[in-house]
Amino acid sequence: MFRSVVTARSILNTTVEYGFRRLTSRCLCANFKYRYVLSSTSKNRPLCWHGSLQIPQNIQFMACRMYSSDLPAHFKITLPALSPTMEAGTIVTWQKKEGDKVSEGDLLAEIETDKATMGFESSEEGHLAKILVAAGSANIPVGKLLCIIVENESDIEAFKTFVPTAADDEVIGGSVPASAAPPPPPPPPPPPKPVAPAQTTHARAPAAPSRPTGGRVFATPLAKSLALEKGVDLNAITGTGPEGRIQAEDVEKFISTGAVPAVATQPVSVPAAATPAVAVPGLEYTDIPLSNIRQVIAKRLLQSKQTIPHYYLSVDVKMDNVIRLRKELNAILSKQNIKLSVNDFIIKASALSCLKVPETNSSWMDSIIRQYHSVDISVAVATDYGLITPIVTSADSKGLSAISKDVQSLAAKAKEGKLQPSEYQGGTFTISNLGMFGVKNFCAIINPPQACILAVGGAEERLVAGSEEGFNVASVMSVTLSCDHRVVDGAVGAQWLAEFKRYLETPETMML
């Protein structure tokens, strides 16, 4: 659209104002706030230069304010990717209305992503001139133009009838230049002339292997799930694994080349259970739309059960010593407004057991097993909008009081939909505790790419055999460990449960 001349020097937080000559009769004037950089190799000279500053080529500008004779200076605010896996979002509510003054850091809207409902803050100052996506709009793609912000309140009227074009949604990011839309694509080349059958040749491009479209494709489960997620046809990929097996690295490399053909539209065999349910005539029902979070939960758990070979180990743990120690510590910590829960002890015992048995603190990475050096515990939390797993980071090196504070803070944020991506992305081991609902035992589905998840039931009083006095009454809790058999063998899983049981039945050892 226009080009600039840049040199490699330093730049301070100073506004640089200059204009660019265009190749047409009209001119655009730009006012940059050390946000976006418009790289160029043009030899055109800037019309004016404010001060003696020179602009380095690699400066990352976040916003560019453009104006011409048609519209006053303004910022275009698009939907950003609020998580690495986010492709679309839902505008839950607008916290500002048209005409309101907006300061940098003000909450503009609440957006439901594929993980949580998050606040979207403004990176600009000015006035909200136009809202282009109404509250309640679902499946808004990343990069969609959401609203217009102007600097001067008097400029709001100019955008009352503003209608965005398709080019406004093509740039993905936060605030984008109002005139920085990419140029229209060149016209498609004319179709090739038909070739007579006698002149056809069997030569093929070397990029794709000669594999029957409907034949069996040898690929790892992770490669298959990645190809399905990205819409890649595995028939077009050459595998580098044993005997030509396609690995996840092959799919990622193929995607990076940009040549991603669509998955073949031929029928795919699916289990009979996957066929859609048929409504029973005469029964009343309500169709509930799927939220972004519910779709992600369904996709990830289905992938987990289809690609991870689960097995389950259960054990009973006497909790009397934990209950006694918890009561004593809470009496000491009462002045600090800290109240330890049984779940805090379970998190600590799990983290220390993972250090003792590091295979359980690992991930299957298709061609390698990645073993982590610290233990980040994902804690399953039920919210009104779905299940989410905030993370207690470095739980192996934290004390019980620090774990308790983290869990309470993360659970509150999760239920309010205010978790930041760094607070729920990652994790090396997951705990799901349903004991507070009276559940005795259950089996949990592994949270990929983790190798294990611990399902915790409620403690109940049982008669247990005593050494001298016959039978005693003890508080007993049942837990079930789900393991990925590719990473954790049965004996290794049993060893982890033995360590976990030992820590909880002698909880003082967790403080050594």
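Under the UniProt record's numbering, think of the first position of the sequence shown as 1, with each following residue one higher. A virtual CB, placed ideally from N, CA and C, is assigned to each residue, including glycine.
So what does DSSP say about D233, is it helix, strand or coil?
-> Three-state result, D233: coil.
Please look up how many angstroms separate the CB atoms of E423 and K415, rounded, as I've assumed it's under 8 Å.
-> Contact annotation, E423 with K415: C-beta distance approximately 13 Å; criterion of less than 8 Å not satisfied.
Any 3 or more C-beta pairs closer than 8 Å across the stretch 460-478 and the stretch 306-313 = no
Cβ neighbour criterion (16 or more within 10 Å) applied to N139 = Counting the other Cβ atoms within 10 Å of the Cβ of N139 gives fewer than 16, which makes it exposed.
Three-state secondary structure (DSSP) at N321?
-> helix
Tell me G119's beta-bridge partners as DSSP assigns them.
-> Its beta-bridge partners are E110.
DSSP puts T480 in a beta bridge; with which residues?
-> S314 and A455
Could you give the C-beta distance for T428 and Y372, rounded to a whole number, given that I count them as a contact under 8 Å?
-> Between Y372 and T428 the Cβ distance is about 5 Å, and since that is below 8 Å, they are a contact.
What do you reckon, are the CB atoms on N472 and V479 nearer than 8 Å?
-> no
If you run the structure through DSSP and keep just helix, strand and coil, what is F437?
-> helix
Can you check the stretch 345-427 for any beta strand (DSSP E) of at least 3 residues that lies completely inside it and give the ranges in chain order?
-> 362-364, 369-371, 377-379, 381-383 and 386-388
Exposed or buried, P242, counting other C-beta atoms within 10 Å across all chains shown (16 or more means buried)?
-> P242 counts as exposed, since fewer than 16 other beta carbons sit within 10 angstroms of its beta carbon.
At what residues does the alpha helix (DSSP H) containing C497 begin and finish?
-> Correcting the residue type first, residue 497 is Leu in the shown sequence and not Cys. Per DSSP, L497 belongs to the alpha helix (DSSP H) from G490 to E505.
Which value, in whole angstroms, describes the spacing of the CA atoms of F442 and E153?
-> 59 Å
According to DSSP, which residues form a beta bridge with E125?
-> Answer by DSSP bridge pairing: none, since E125 is not bridged.
Which word fits A63, buried or exposed, when buried means at least 16 other C-beta atoms lie within 10 angstroms of its C-beta?
-> With a pLDDT of 42 at A63, under the threshold of 50, the predicted position of this residue should be treated as unreliable, though the coordinate-derived value follows. The residue in question, A63, is buried, as its Cβ has 16 or more Cβ neighbours within 10 Å.
For Q95, the three-state DSSP class (helix, strand or coil) = coil
Give the secondary structure of G143 by DSSP, where H, G and I count as helix, E and B as strand, and everything else as coil.
-> coil
Relative to the ligand MN, is the shortest distance from any of its heavy atoms to the C-beta of L283 smaller than 7 Å?
-> Among the components modelled here there is no ligand, and therefore nothing to report on the ligand MN.
Beta-bridge pairing of N472 - partner residues as DSSP gives them = N472 pairs with V464.
In angstroms with no decimal places, state the Cα-to-Cα distance between A158 and V296.
-> 40 Å
Determine the contact status of M118 and L145, defining contact as a CB-CB distance below 8 Å.
-> no
Beta-carbon gap between L228 and A248 smaller than 8 Å = no
By how many angstroms is the C-alpha of E110 removed from the C-alpha of K97?
-> So the alpha carbons of these two residues sit roughly 13 Å apart.
Select from D489, I293 and D366 the residue whose C-alpha is nearest the C-alpha of K224.
-> D366
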